[in-house]
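See below for the structure under consideration.
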Amino acid sequence: MKISNKFKQFMESNQQMYWMQDRNDMEIDLSLSENPLGCSPMVRDALSESNGINHYPDPTNSKLKTKLAEEFLLNKANIAIGNGIGPIFDAICRIILDEGENVIIPQLTFPLIEQLVRLNSGKPKLIPMKLDLTTNLETIERGIDKKTKAVCLCNPNNPTGEVISSKKLINLAKKISPLLLIVDEANIDFGGKSIINSIKSQNNIVVLRTFSKGFGLAGLRIAFMAAQEDIVDMVEEILISSEMSSVSQLAALTALCDRKFLYATREFVKQERKFLVDELTSRGFEVVPGKALNILVKVNDFFSSSSLLCTELEKRGVKTVNGNCFQGLGENFLRISPRTREINLLFLKVLDELLERSSN
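Printed below as a string of structure tokens:
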């Protein structure tokens, strides 16, 4: 098969993003934003008792859409289901972008957004962050030009954990209308207020949500979009070839019934995040304030670069994310995700060994 030049360029420009490989060999893995509690016991029980694997799934996701509509006080027609946020955002790009048109994105955010814009012949227009690494909404608004088709934000942001108020987001949507405001709420279970209900009153808002983090179903790749009916219809025309499995549908339906697990996850992550922030701060590291299933840490003076620190940690069985995977961070940061207290303590023990060696 002949590979297009466009795809070759795409792969070459994004090699640094493949930091998620070989994770099974790692003893202490703080690299991915996964639920440290796993998934709901109700989900495990439902999947173990299910005898419907030999049946084809419902291609319309009707039951799951009905449950989500009840959960968020929406209509079924406002919801599209997909195998992860990535395929849904990819479908949106295919719908709205012609070659050379742009999507405005904060410079420091989830890199997959930029990748998918490029892959769909669009141009990601990256807006610099403020000095404190927060999103500059005023500069984003001024960055809109005749070729802009949408603004895309993560709330809370990845990797900083920054939370933008719902009021500011809705005001931005009003100002940029009829351009789309696409808000990725993958981390909304850990901080901030969702604007999902705003799609009913503001027709240019698109909200993306996932079951990967708060519900602990990352391996099943379940996500959904909430938007105006015409946008949903177009997105579903593209997603029709990658329908959700019956196992995924069952898991998502069951997860929505266990609100106690979601609350327990939120409280657990809040506790372990605070623990890690306090411990890292006491060791001379700066931590970017935020509320998400990850923590952005500035490398302290004991290490010359984030690459050095990440390499030394990896030699000792600790997996983290080098900040140079993200636009604009250079060699000054690493990203970690809170795990169980036992794993967090093991991470800190290894870090202490490195700090002691560096001080001698």
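For reference, each letter of the sequence shown is one residue, going -18 to 341 in our numbering.
We treat Cβ as the ideally placed atom computed from N, Cα and C, and that holds for glycine.
In this text the structure is predicted, and so the values were computed from the model without any measurement.
According to DSSP, is residue i part of a helix, a strand, or is it coil?
i, result
"residue 225", "coil"
"residue 270", "coil"
"residue 38", "coil"
"residue 246", "helix"
"residue 207", "strand"
"residue 63", "strand"
"residue 241", "helix"
"residue 165", "strand"
"residue 98", "helix"
"residue 220", "helix"
"residue 189", "strand"
"residue 155", "helix"
"residue 87", "strand"
"residue 68", "helix"
"residue 135", "strand"
"residue 129", "strand"
"residue 105", "strand"
"residue 10", "strand"
"residue 43", "helix"
"residue 262", "helix"
"residue 119", "helix"
"residue 254", "helix"
"residue 230", "helix"
"residue 178", "helix"
"residue 170", "helix"
"residue 110", "coil"
Quick check on residue i: buried or exposed, where buried means 16 or more other Cβ atoms within 10 Å of its Cβ?
i, result
"residue 241", "exposed"
"residue 143", "buried"
"residue 254", "buried"
"residue 140", "buried"
"residue 26", "exposed"
"residue 287", "buried"
"residue 148", "exposed"
"residue 280", "buried"
"residue 21", "buried"
"residue 318", "buried"
"residue 155", "exposed"
"residue 123", "exposed"
"residue 165", "buried"
"residue 235", "buried"
Apart from the five residues just before and just after residue i, which ones in its own chain have a Cβ nearer than 7 angstroms to its Cβ?
i, result
"residue 38", "224, 225, 226, 227 and 230"
"residue 302", "0, 12, 315 and 316"
"residue 116", "87, 110, 134, 138, 143 and 145"
"residue 291", "301, 303 and 315"
"residue 114", "89, 141 and 269"
"residue 42", "62, 225 and 230"
"residue 245", "18"
"residue 68", "220 and 223"
Under 8 angstroms Cβ to Cβ from residue i, same chain only, skipping five residues before and after it: list those, please.
i, result
"residue 78", "84, 98, 101, 102, 103 and 130"
"residue 95", "86, 105, 107 and 308"
"residue 340", "283"
"residue 50", "56, 57, 59 and 60"
"residue 180", "55, 59, 186, 187, 188, 207, 208 and 209"
Please work out which residues of its chain come closer than 6 angstroms, Cβ to Cβ, to residue i, disregarding the five sequence neighbours upstream and downstream, and give them in chain order.
i, result
"residue 9", "298, 299, 324, 327 and 328"
"residue 331", "297 and 299"
"residue 289", "none"
"residue 177", "53, 188 and 207"
"residue 184", "209"
"residue 191", "66, 167 and 204"
"residue 163", "131, 133 and 187"
"residue 201", "229 and 232"
Cβ of residue i within 6 angstroms of any heavy atom in the ligand ADP?
i, result
"residue 115", "Judged by which ligands are present, the structure shown has none, so any question about the ligand ADP falls away."
Open item on the list: Contact between the stretch 170 to 180 and the stretch 246 to 264 is defined here as three or more beta-carbon pairs at a separation below 8 angstroms; is this criterion met?
Closed with: Short answer: they touch.
- [ ] Would you be able to state if there are at least three C-beta pairs under 8 angstroms between the stretch 324 to 333 and the stretch 252 to 270?
- [x] At 8 angstroms Cβ cutoff, the stretches touch.
Task: Any 3 or more C-beta pairs closer than 8 angstroms across the stretch 61 to 78 and the stretch 206 to 215 - done: Contact annotation: the stretch 61 to 78 touches the stretch 206 to 215, with at least three C-beta pairs closer than 8 angstroms.
- [ ] Check whether the stretch 192 to 202 touches the stretch 10 to 29, taking contact to mean three or more Cβ pairs, one atom from each stretch, closer than 8 angstroms.
- [x] Three or more pairs of CB atoms, one per stretch, sit closer than 8 angstroms, so the stretch 192 to 202 contacts the stretch 10 to 29.
TODO: Could you tell me which uninterrupted alpha helix (DSSP H) segments, each at least 4 residues in length, are contained entirely in the stretch 269 to 330, listed from first to last along the chain?
DONE: The stretch 269 to 330 contains these whole alpha helix (DSSP H) runs: 287 to 296.
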